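Using my numbering, the first residue of the sequence shown is number 131, and each one after it goes up by one.
Here is the structure we will look at, set down as structure tokens.
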Amino acid sequence: MTSHGGQLSLRYHIQNVSEAEYLEPHWGYAARVRPCTNDPGSCEYLDQVYGSHDLRRRIWAPSRTDGLVPGSISAKESSVTRFSRAFSAYIRSSLLPDAARPIFGRTTRLQVLILAVLAGYLLIWSFVGITYQMWITPVKNNPGLYNIRSSLGPFSNRIGILAYALTPLSILLSNRESILSLLTGVPYQSFNFLHRWLGYIIFIQGSVHTIGWTVIEVRLYQPQPSTAIGWITQTYMIWGVVAMILLLMLFVLSTPWAIRITGYEFFRKAHYILAIIYIGACWGHWEQLKCFMLPSLLIWFLDRGVRLLRTALIHHQWLSDGSMGFRAAPASLTHFSDADGDIVRMDFTQPHDAWKIGQHFYLCFAESSIWQSHPFTPLNLPQTRNGSVTHSYIFRAKGGETKKVADLALKKLAQSPKATTPVILTGPYGESIAETLMPEDNLLCVAGGTGITYVLPVLLDLVQRPATRDRKIQLIWAIRRKADLCWVEQEIVAINNAARSHGIDVHIYVTREGGSSTYSAQDEKLGEQVVDVKETCGSPSCSSTSVNGIQTPISLDIQRIGSKGLNQHPDLKTLVNDFVDSTVRGPTKVFGSGPGGMISDLRSIVATCNSGSKVWKGNERFDVSLICDDRLEW
Numbered sequence: 131m132t133s134h135g136g137q138l139s140l141r142y143h144i145q146n147v148s149e150a151e152y153l154e155p156h157w158g159y160a161a162r163v164r165p166c167t168n169d170p171g172s173c174e175y176l177d178q179v180y181g182s183h184d185l186r187r188r189i190w191a192p193s194r195t196d197g198l199v200p201g202s203i204s205a206k207e208s209s210v211t212r213f214s215r216a217f218s219a220y221i222r223s224s225l226l227p228d229a230a231r232p233i234f235g236r237t238t239r240l241q242v243l244i245l246a247v248l249a250g251y252l253l254i255w256s257f258v259g260i261t262y263q264m265w266i267t268p269v270k271n272n273p274g275l276y277n278i279r280s281s282l283g284p285f286s287n288r289i290g291i292l293a294y295a296l297t298p299l300s301i302l303l304s305n306r307e308s309i310l311s312l313l314t315g316v317p318y319q320s321f322n323f324l325h326r327w328l329g330y331i332i333f334i335q336g337s338v339h340t341i342g343w344t345v346i347e348v349r350l351y352q353p354q355p356s357t358a359i360g361w362i363t364q365t366y367m368i369w370g371v372v373a374m375i376l377l378l379m380l381f382v383l384s385t386p387w388a389i390r391i392t393g394y395e396f397f398r399k400a401h402y403i404l405a406i407i408y409i410g411a412c413w414g415h416w417e418q419l420k421c422f423m424l425p426s427l428l429i430w431f432l433d434r435g436v437r438l439l440r441t442a443l444i445h446h447q448w449l450s451d452g453s454m455g456f457r458a459a460p461a462s463l464t465h466f467s468d469a470d471g472d473i474v475r476m477d478f479t480q481p482h483d484a485w486k487i488g489q490h491f492y493l494c495f496a497e498s499s500i501w502q503s504h505p506f507t508p509l510n511l512p513q514t515r516n517g518s519v520t521h522s523y524i525f526r527a528k529g530g531e532t533k534k535v536a537d538l539a540l541k542k543l544a545q546s547p548k549a550t551t552p553v554i555l556t557g558p559y560g561e562s563i564a565e566t567l568m569p570e571d572n573l574l575c576v577a578g579g580t581g582i583t584y585v586l587p588v589l590l591d592l593v594q595r596p597a598t599r600d601r602k603i604q605l606i607w608a609i610r611r612k613a614d615l616c617w618v619e620q621e622i623v624a625i626n627n628a629a630r631s632h633g634i635d636v637h638i639y640v641t642r643e644g645g646s647s648t649y650s651a652q653d654e655k656l657g658e659q660v661v662d663v664k665e666t667c668g669s670p671s672c673s674s675t676s677v678n679g680i681q682t683p684i685s686l687d688i689q690r691i692g693s694k695g696l697n698q699h700p701d702l703k704t705l706v707n708d709f710v711d712s713t714v715r716g717p718t719k720v721f722g723s724g725p726g727g728m729i730s731d732l733r734s735i736v737a738t739c740n741s742g743s744k745v746w747k748g749n750e751r752f753d754v755s756l757i758c759d760d761r762l763e764w
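Next up, the structure:
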């Protein structure tokens, strides 16, 4: 390392800085010594080095958009970057909407396309390389009897081997501690669709394999029925029958109607047990292919082991007696009565590293059951103070464990002003969604009910950062009743207080309270309403919340769009299109979380907002992406 002009310089290749008349700056690289004092060959080499570097930068580096004509892309922006954006917009316009919902559920066309490619690959390799022919051979010691030997045997074997080979991949696709996520950066929950349909493919392959060999042994081989009886009573065939029965049970219990009848928790536990026994039965059926079964078991147990380890690391801390050990997090509970399922808010502090915005945790409510855990997204910012991070969650209690927690909270609050319950954490999981935001991106957050927890941290993070000129930010939140604002009152106040400085529009739509279309008693010039938060959250259960006596009046646009007992959802198509059309410059990112129907609508709406040809021509407005809480697909 050398110094020049009193500054510590970077590595300068084969150049001598002491002989420089001046240094020529190069972005992302060491400055170049000018003039070149090396030999001619070295100077030509340096011309090539710096020329190649600058060319790479011109191709890939995104250009600045400050000061551009609204709605246009800089002429200096590389064609490669424009092509990438245009291609992404085209893909979203074509593959973002839901596929055939009666068959695939709420799944994008892109995921179905990936499944189709995988299925096509398997279909090809199920048939290629087999000589299709038939041979008639005499049966030894049985004059007049013949065996019909055909390509059905090799084909059935091929199908069976593929079913075995897909088993480790199926386990990988179901893992929460996903190796695939580490390799691809795709969150584990995005693989659930492929895991489910890969299981269906394995079931079809196992069925074809079984039917093929049944036809061979029962019809094509002679003499009968002795040949069939001798075949089916062999140990390996008994295990094969067991494996096929288990595979049938796995298939039936994983269908949506079976999950609705038996309940998700029964499905999950039964799925684990049946899958492990199925792997063992496959091993017993054909030990020569244990090379596929052993990795399946190891991957499954590794996933569970890492889960336990991560939980232990989060909860291993100092105990009250001064020793180190396992300690659950004591969560304070707040109960909000609701005819459609009570709402519970939990707040607690736990010493561990901060998560990333958009990630979620699995919570186990120890007082209810230690055998169940449920995924929840923190609604607060992940900020570490004195080595601890605060967690805040809300969830609607309709049945199962969440209903037990709501009843427990109500019971404890009746006995004491404060209620707590021990919570065990596992996580965090999922992807960081805030890191995808660029300064020039416009932001539209759409939430329904408790789905507000997914988008709140994004907005809370933005209000702590410097405002960006010409950036448009909007929150659309559909709630059933005006009092539902109490769930996240403190966070809504924080966002609203920064609304003017950061250009944030907050729109609340009340869908189940009758009355006029808007609260117009105290309209302001911008059509906003003045809502007294203390009055809104004045119910007995709300007064004991985390609001902590906040009495700051907040100015919000709150509209009643429904009548009592009837839901009327906001017109998302109009709202999204109006937002995109009103942007000054830059692309738009839509963050969505809520009921499955809302997410499906958003996918179709956002898809129609994209136009690859217009983005290619320089109009960034038609580059609209959707980031949604895909845990809803579980």
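Just so you know, even glycine gets a beta-carbon here, dropped at the ideal spot from N, CA and C.
Since we're looking at a predicted model, the values are computed, not measured.
field: Span separating the alpha-carbon of S456 from that of Q594
entry: Residue 456 is actually Phe in this sequence, not Ser. Computed Cα separation, rounded: 35 Å.
task: Between the Cα of T267 and those of V736, R279 and T261, spot the shortest distance and give me the residue it belongs to.
output: R279
query: What's the gap between the Cα of I500 and the Cα of Q263?
result: 59 Å
message: Beta-carbon within less than 8 Å of T441's beta-carbon, same chain only, minus the 5 sequence neighbours each way: which residues are those?
response: I554, L555 and T556
- request: Work out the CA separation of W327 and V348 for me, nearest whole Å.
  value: 31 Å
- request: Taking 8 Å as the threshold, find out whether the segment 750-759 comes into contact with the segment 721-735 through three or more Cβ pairs.
  value: yes
- prompt: Within this structure, are the beta carbons of L589 and L615 separated by less than 9 Å?
  reply: no
message: Count Cβ pairs between the segment 622-632 and the segment 530-546 that sit closer than 8 Å; are there 3 or more?
response: no
query: Do S384 and P298 have their C-beta atoms closer together than 9 Å?
result: no
- request: Please go through the same chain and pick out, in chain order, the residues whose beta-carbon is closer than 8 Å to the beta-carbon of T580, but skip the five residues on each side of it.
  value: I473, I524, F525, R526 and W617
message: Does the segment 630-644 come into contact with the segment 732-747, if we say contact requires no fewer than three beta-carbon pairs (one atom in each stretch) closer than 8 Å?
response: no
- prompt: Is the segment 565-576 in contact with the segment 701-714, if contact means three or more CB pairs nearer than 8 Å?
  reply: yes
message: As a quick exercise: from S741, V745 and F397, pick the residue whose alpha carbon is nearest that of S224.
response: S741
query: Near M367, which residues of its chain fall below 7 Å by C-beta distance, leaving aside the five closest residues on each side in sequence?
result: W361
- prompt: Going by beta carbon distance, what residues of the same chain come within less than 8 Å of Y330, once the five residues before and after it are set aside?
  reply: F381
query: My guess is that V585 and S723 are in contact by the Cβ rule of under 8 Å, so how many angstroms apart are they, rounded?
result: 6 Å
Coarse secondary structure for C173, derived from DSSP in three states: helix
query: So what does DSSP say about P425, is it helix, strand or coil?
result: helix
task: From the DSSP output, read off the bridge partner residues of R434.
output: Its beta-bridge partners do not exist; DSSP assigns none.
message: Here's a check: name, in chain order, each residue in its chain whose Cβ is nearer than 6 Å to the Cβ of W413, leaving out the five neighbours to either side.
response: K420 and M423
query: Should the segment 473-489 be called in touch with the segment 525-540, which here means at least 3 C-beta pairs below 8 Å?
result: yes
task: Pick helix, strand or coil for G370, following the three-state DSSP scheme.
output: helix
message: Tell me which residues share the same chain as S300 and place their Cβ nearer than 7 Å to its Cβ, disregarding the 5 neighbours each side in the sequence.
response: H325, L328, G329 and I332
- prompt: Going by the CB atoms, is the gap between Q689 and S640 shorter than 9 Å?
  reply: Contrary to the premise, residue 640 reads as Val rather than Ser in this sequence. A contact, by the Cβ cut-off of 9 Å.
- prompt: Distance, Cα to Cα, V316 vs K486?
  reply: 15 Å
message: Quick check: what's the CA-CA separation for S311 versus F321?
response: 9 Å
- prompt: Exposed or buried, H446, counting other C-beta atoms within 10 Å across all chains shown (16 or more means buried)?
  reply: exposed
message: Out of L511, A229 and T532, which one is the CA nearest neighbour of A496?
response: T532
- prompt: What is the DSSP secondary structure of Q659, counted as helix, strand or coil?
  reply: Residue placement at Q659 is flagged as unreliable, the pLDDT there being 33, under the threshold of 50; a coordinate-derived value is accordingly withheld.
task: Name the residue from H699, H156, I409 and G452 whose alpha carbon lies nearest to the alpha carbon of R611.
output: H699
message: When you measure from the CB of R162 to every non-hydrogen atom of the ligand HEM, does any distance come out below 8 Å?
response: Although the ligand HEM was asked about, the structure shown includes no ligands whatsoever.
field: Best match in P386, Q354 and Q335 for proximity to L275 [C-alpha to C-alpha]
entry: Q354
- request: Specify the secondary structure class of K548 as computed by DSSP and reduced to three states.
  value: coil
- request: Apply the 10 Å Cβ neighbour rule to I765 and answer buried if 16 or more other Cβ atoms are within range, or exposed otherwise.
  value: One cannot answer for residue 765 here, as it falls past the ends of the chain, which runs 131 to 764.
message: At 4 residues or longer, what runs of the alpha helix (DSSP H) sit wholly inside the segment 582-657?
response: 582-593, 619-627 and 629-632
message: Please state the DSSP three-state secondary structure of M379.
response: helix
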